[in-house]
Each structure stands twice: as C-alpha cells, then as structure tokens.
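> Numbering (the working numbering), first residue to last: 18 to 280. Backbone N, C-alpha and C fix where the C-beta goes; we use that ideal spot for every residue, glycine too. Shown below is the structure under consideration.
Written out as structure tokens, the structure reads:
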C-alpha cells in the first residue's frame, strides 16, 4: 500500500494565513512562510496554499508568494486561487510551485484542465472541489433525481448546481492528477471529515483524492484514510493552533497500521 500523505493547508488572505468555519468567520493564524517552515520541520508531506479571495476579487494568485516559498521550502507545495489561464499555471510553475489547484475556473472553463494536463502533465493539475450537502427536504426538489452534494465556486460563495461526484469524474477524465475535496459542512468544525462524500468520490476515481474539512482528532485522520478511502488528508486548524503536530498525526497512523512517510 502506498504511504498516505498528511498535508497542512494554508488559506491566504491579504498576505496572512487565516482559518474560518464553513468558509466564514475568518481569523488570523500567522505568517505563511513561518508556518510553512514549521510544517517542514514536522515532516509534512506537502503543503497547500490557497489564496481564498482571488476569485471573488477577480485577480490572479500572487507570483511573489510562490517565489518566496520555492526559495525557502524543501517539500512539494501546491498553490491555488484565481488561476484562470494556461499562462497563470505556467507562471506559478516557473516560480517554483510543484502543483496548481484550480476550482472556479475549472467550472467556468473545463477545457483549462484538459489543456493544462496536456501542457504541464496531470501530476501538476489539482482540481479543488468545495461541496455542500443539498437540502433535499425542499418541496421543489426530489431526492430520487438529485444527488446529495452540490459543488460551490468562488470560495464557497456561489452554488453551481453541479453534482460533486459526477464533477469529480469529469475532472479526472479531463486529466486532473488529483482531487482536493473539501466538505463545506465539516470545514473548521473539527468534528470529523465527511466520510460518505469522501468515500463516494474516492471509490469512483482512479486518481488520488485528498480529504479536507473537519479534522479535529487523531481518529478523524484515520477514518478519512480507511472508511473514506482517501489517499491523503489535508487539515488546517488542528495544526495552525497547535492542537497536534503533523508528526504526532503520522505517529498515530503508523501505530494503527496505516503506512505514512518517515516522521
């Protein structure tokens, strides 16, 4: 079995790391480079940096951040937010990013994923999916013909009507190398990952799925990798505010026979 990855996520707003609950009520969590260096020392497998307001503000992800990270870090990192063209991807990869994460622009222009995978390789293209459980109790909806989870864009602010499972399949067919799957309902609550959603998508794809949203206890990470069948787990609050270190999570998983890379 391949080693499972533990990935801290750093949401960036105005140059600072922030963290909220269900994508709102943001609070400061520190300097991105200082936190990145801390996670580097804790044996994080990768890091993900998301400029969470870039799409809503109709601007690109800062190249300066990617350049700083590439100069200081020695582990792979993904950067996303506001990426809308092949030139954006090229600029970030040239600046030193190992992968790019695309969300809103994949929805408005799915061909960006197809062409991005062809030009830069599938291993470079991560499609982020922010999903929320639908309210199937409404009278104008019918549970028989509407799936449980809907995709949202623009930092979780805009419903798209897209079925999360079907959308993940389409992105994989277009060449995405990974899916970064965030449950908006679980995000920031630290009550556990959305295992049903994670398993529904992991079980239908032949590319890695990164589970995100809800990590709060050691058992949550284990369950995401076993019950949820995720290939990696991404978390923010538990790491940023010092509840656990990445190393502690890896040690727990190793003790429970889940293969992880060296601590």
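1) Are the segment 26–33 and the segment 248–265 in contact at 8 Å, needing three or more beta carbon pairs?
2) Just to confirm, is the Cβ distance from residue 170 to residue 120 under 8 Å?
3) Does the beta-carbon distance from residue 198 to residue 227 come in below 8 Å?
4) Spell out the partners DSSP gives residue 200 in its beta bridges.
5) Quick check on this structure: which residue in 19, 94, 149 and 62 has the alpha carbon closest to the alpha carbon of residue 50?
6) Please state if the CB of residue 20 and the CB of residue 278 are separated by a distance shorter than 8 Å.
7) Is it right to say residue 195 is buried, meaning 16 or more other beta carbons lie within 10 angstroms of its own, or is it exposed?
8) Taking the alpha-carbon positions, what's the residue 31 to residue 98 distance?
9) Contact between the segment 170–188 and the segment 109–118 is defined here as three or more beta-carbon pairs at a separation below 8 Å; is this criterion met?
10) Quick one: residues in its chain with C-beta nearer than 8 Å to the C-beta of residue 85, no 5 flanking neighbours on either side, listed in chain order?
11) Provide the residue(s) that pair with residue 24 in DSSP beta bridges, ordered along the chain.
Concretely, from the data shown:
1) yes
2) The residue you call residue 170 lines up with position 153 of the chain shown. The residue you call residue 120 lines up with position 103 of the chain shown. Yes; because the gap between Cβ atoms is below 8 Å, this pair is in contact.
3) The count along the chain shown starts at 1 and reaches residue 198 at position 181. The count along the chain shown starts at 1 and reaches residue 227 at position 210. Against a cut-off of 8 Å, the Cβ pair of residue 227 and residue 198 comes out as a contact.
4) In the chain shown, the residue the question calls residue 200 occupies position 183. DSSP lists 148 as partners of residue 200.
5) Position 33 of the chain shown holds residue 50. Closest option to residue 50, Cα to Cα, is 94.
6) Residue 278 sits at position 261 when you count from the first residue of the chain shown. Residue 20 sits at position 3 when you count from the first residue of the chain shown. Against a cut-off of 8 Å, the Cβ pair of residue 20 and residue 278 comes out as a contact.
7) Reading the chain shown from its first residue, position 178 is the one you call residue 195. With 16 or more other Cβ atoms within 10 Å, it is buried.
8) Mapped onto the chain shown, residue 31 falls at position 14. Mapped onto the chain shown, residue 98 falls at position 81. The alpha-carbon atoms of residue 31 and residue 98 are separated by roughly 13 Å.
9) no
10) By 1-based counting over the chain shown, the position of residue 85 is 68. If we look at residue 85 and ignore the five residues flanking it on each side, its Cβ neighbours are 50.
11) Within the chain shown, numbered from 1, the residue matching residue 24 stands at position 7. 251, per the DSSP bridge assignment.
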